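*Asks:* Dumping the structure here so I can ask a few things about it.
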């Protein structure tokens, strides 16, 4: 009997040491982080899936507070993981507001290919997430998701930080002038090792500019998941795309254009 107990304890210790089990399926935060690169504090939330083992893949989400509210993304993550449609991963919701004055947005200071915001991600935020929460390393699967101006940020980071994010998710990149800027960057710069999910709606959703951007991506042989519909530049358009976006992060494959009603 004593021998059996010792064997059982040894087995339990081996399991514990080989991979830490995360309890929960919980959203933690808001968590404050001080950025030297940006010169101010930011905050984020992190979703840790139920019964997942470290190291965890990481999906970073700009305008995270809106994806939590309008997107109801935590509930969707639970559903997708529980039903086996995606493998568990951590989702990091980065707030674009001043944590002391939540009515003040910093999007204009951060999203348009801003070098200091990139430094914050790779030098401060991502090391903290890996150290405190996910156990990730440089080989870990990572993605970046954003809508509108946040989608422009995803495009920027794909060029500014090549190889850091394996999947870039862009919901309705805007405005047309910003799309033209990143389209030129992707046309002139070497191809980065990222797969891309990109969506947009109809004429009121920068459709023409985004189609030109997609054509450039195709010419550069980026793996693309391209979804179009007749929607506007709003959450009524983006919300129904979130499940497909999560699956794209879990395993994006290039496909023909997908048109939705």
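Numbering (my numbering), first residue to last: 129 to 389.
C-beta: ideal position from N, C-alpha, C; glycine also.
Bear in mind that the values here come from a model prediction, so they are computed numbers and not experimental data.
CA-CA distance, residue 300 and residue 329?
*Replies:* Start at 1 with the first residue of the chain shown, and residue 300 comes out as number 172. Start at 1 with the first residue of the chain shown, and residue 329 comes out as number 201. One C-alpha to the other measures close to 7 Å.
*Asks:* Please determine, among 222, 288, 200, 296, the residue with the shortest C-alpha to C-alpha distance to residue 173.
*Replies:* Against the chain shown, residue 173 aligns to sequence position 45. Residue 173 has its Cα closest to that of 222, out of 222, 288, 200, 296.
*Asks:* Quick check on the DSSP output: the alpha helix (DSSP H) that includes residue 344 runs from which residue to which?
*Replies:* To locate residue 344, count along the chain shown from 1; it is residue 216. First-last of the alpha helix (DSSP H) with residue 344: 335 to 347.
*Asks:* Quick check on DSSP: helix, strand or coil for residue 369?
*Replies:* Here residue 369 refers to the residue found at position 241 when the chain shown is read from its first residue. Residue state, collapsed to three classes: helix.
*Asks:* Would you call residue 298 buried or exposed, if buried means 16 or more other Cβ atoms sit within 10 Å of its Cβ?
*Replies:* Here residue 298 corresponds to residue number 170 of the chain shown, with the count starting at 1. Its Cβ being crowded by 16 or more others within 10 Å, residue 298 is buried.
*Asks:* So, helix, strand or coil for residue 169, using DSSP?
*Replies:* The count along the chain shown starts at 1 and reaches residue 169 at position 41. Correct three-state label for residue 169: strand.
*Asks:* I need the straight-line Cα distance from residue 184 to residue 262, nearest angstrom please.
*Replies:* Your numbering for residue 184 matches position 56 in the chain shown. Your numbering for residue 262 matches position 134 in the chain shown. Near 5 Å, if we compare the C-alpha coordinates of residue 262 and residue 184.
*Asks:* Considering just the uninterrupted stretch of the alpha helix (DSSP H) at residue 157, what are its terminal residues?
*Replies:* For the purposes of this step, residue 157 is taken as the residue at position 29 of the chain shown. Premise fails: residue 157 lies in the beta strand (DSSP E), 154 to 163, not in any alpha helix (DSSP H).
*Asks:* Assuming residue 203 is part of the alpha helix (DSSP H), what are its boundary residues?
*Replies:* Within the chain shown, the letter at position 75 stands for residue 203. 201 to 210 is the span of the alpha helix (DSSP H), which, as asked, contains residue 203.
*Asks:* In three-state DSSP terms, what is residue 234?
*Replies:* Looking up residue 234 in the chain shown gives position 106. The answer is coil: DSSP assigns residue 234 none of H, G, I, E or B.
*Asks:* What are the partner residues of residue 187, as DSSP defines its beta bridges?
*Replies:* Taking the first residue of the chain shown as 1, we reach residue 187 at position 59. Note: residue 187 sits in a beta bridge opposite 219, 271.
*Asks:* Examine the Cβ distances between the segment 364 to 382 and the segment 198 to 209 and report whether three or more of them are shorter than 8 Å.
*Replies:* Output reads yes: the segment 198 to 209 touches the segment 364 to 382.
*Asks:* Return the bridge partner residues of residue 176 from the DSSP annotation.
*Replies:* As a working mapping, residue 176 is identified with position 48 in the chain shown. According to DSSP, residue 176 bridges with 154.
*Asks:* Could you please give me the residues that DSSP links to residue 323 through a beta bridge?
*Replies:* Mapped onto the chain shown, residue 323 falls at position 195. Beta-bridge pairing links residue 323 to 295.
*Asks:* Give the range of the beta strand (DSSP E) segment to which residue 315 is assigned.
*Replies:* Reading the chain shown from its first residue, position 187 is the one you call residue 315. Segment 304 to 316 is the alpha helix (DSSP H) holding residue 315; no beta strand (DSSP E) there.
*Asks:* Whole angstroms is fine: what's the gap from residue 346's alpha carbon to residue 315's?
*Replies:* In the chain shown, the residue the question calls residue 346 occupies position 218. In the chain shown, the residue the question calls residue 315 occupies position 187. Distance between the alpha carbons of residue 346 and residue 315 is about 10 Å.
*Asks:* Under a three-way DSSP split, which group does residue 377 fall into?
*Replies:* For the purposes of this step, residue 377 is identified with residue 249 of the chain shown, where counting begins at 1. Note: residue 377 maps to helix in three-state DSSP.
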